[in-house]
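The block underneath contains the structure these notes are about, expressed in structure tokens.
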Amino acid sequence: MGTYYLIRHGETKANQGGIIQGHMDVPLAEIGKKEAELVGKALSVIRLDAVYSSDLSRARETAQAIVRYQKCKLILDSRLRELHCGEMQGLTLAASRERFPEFFQAFQRDPLRTKRPGGESLLDLYERSCRALEEIYRNYPEGNVAIVSHGGVIKCLMAYAAGQEVDPASPVVANASISVISRDDKGWHVLKVNDVEHLRPVMEAEELEESAPS
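Here it is, written out as structure tokens:
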């Protein structure tokens, strides 16, 4: 049986500002670097056979933090990039709604097949990310593999493993969360969803900072 750990990249300043990133190459914020380190420590108790990552900086930096605790190679794959949001990249959701009302009207009618202006549809993302997953499985049908990617990709892969159509309204995949899927001779299975327990030190530090007198 192969076990595949799906990790969303750590937090970026664009995440903090509600900016649509898509294929924008945005590095980790300081808190994102701390989150990536905690992911690496959490996975250090598992011997990984490979770490695959989106080639975008925020995912690659997170993957590098994992590899530091392992004796395996890092493999970059552009198919693991986030949904290409085209002309919406760099905008907030509110600004996108104002600028592209026709897209949002079409999206309400057909959320899977409606392409972002100058970008991809959710179905495009689903197909390319699932092709990448199947290739990873063929390369590593046994053992443990980490896949570091983005929220949209992980939603697609989790839906695929569950034998479901991807739901645009499904819960947000948390930054630096770990979800786990596996495959055996009976097919794909979902083992864990959106686990952030390993991020408790960062969460507690944030809570202390917020409660400190100003």
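Read left to right, the sequence shown gives residues 4 to 217 (this note's numbering). The C-beta atom is built at its ideal place from N, Cα and C for all residues, glycine as well. Keep in mind that this is a model prediction, so the values were computed, not measured.
- Here residue 147 carries a strand assignment [DSSP, helix/strand/coil].
- Beta bridge pairing from DSSP links residue 122 with no other residue.
- Counting only residues of its own chain and dropping the five nearest sequence neighbours on each side, residue 80 has a CB closer than 6 angstroms to the CB of 55 and 135.
- In the displayed model, residue 165 falls within coil according to three-state DSSP, outside both helix and strand.
- Taking C-beta atoms as the reference points, residue 13 and residue 45 fail to come closer than 7 angstroms.
- Judged by DSSP in its simplified three-state form, residue 37 adopts helix.
- Closest in alpha carbon position to residue 115, among 50, 171 and 141, is 171.
- In the DSSP secondary-structure assignment, residue 79 is bridged to 56.
- Within 10 angstroms of the beta-carbon of residue 167 lie fewer than 16 other beta-carbons, which makes it exposed.
- When 4, 10 and 5 are compared, the shortest CA-CA separation from residue 196 is found for 10.
- In chain order, 20, 21, 22 and 23 place their CB closer than 8 angstroms to the CB of residue 95, counting only its own chain and leaving out the 5 sequence neighbours on each side.
- A check of alpha carbon separations from residue 199 across 179, 68, 193 and 183 identifies 179 as the nearest.
- A straight line joining the alpha-carbon of residue 118 with that of residue 125 spans about 7 angstroms.
- Per the C-alpha coordinates, the member of 85, 120, 86 and 84 positioned closest to residue 100 is 120.
- For residue 58, the closest of 25, 41, 43 and 203 by C-alpha to C-alpha distance is 25.
- Taking C-beta separations shorter than 7 angstroms and ignoring five residues to either side along the sequence, the partners of residue 164 in its chain run 184, 191, 192 and 193, following chain order.
- In the structure shown, residue 72 falls within a coil segment according to DSSP collapsed to helix, strand and coil.
- Residue 190 carries a strand assignment under DSSP once its states are collapsed to helix, strand and coil.
- Counting along the chain, residue 9 sits inside the beta strand (DSSP E) bounded by residues 5-11.
- Under the three-state reduction of DSSP output, residue 170 falls in the coil class, being neither helix nor strand.
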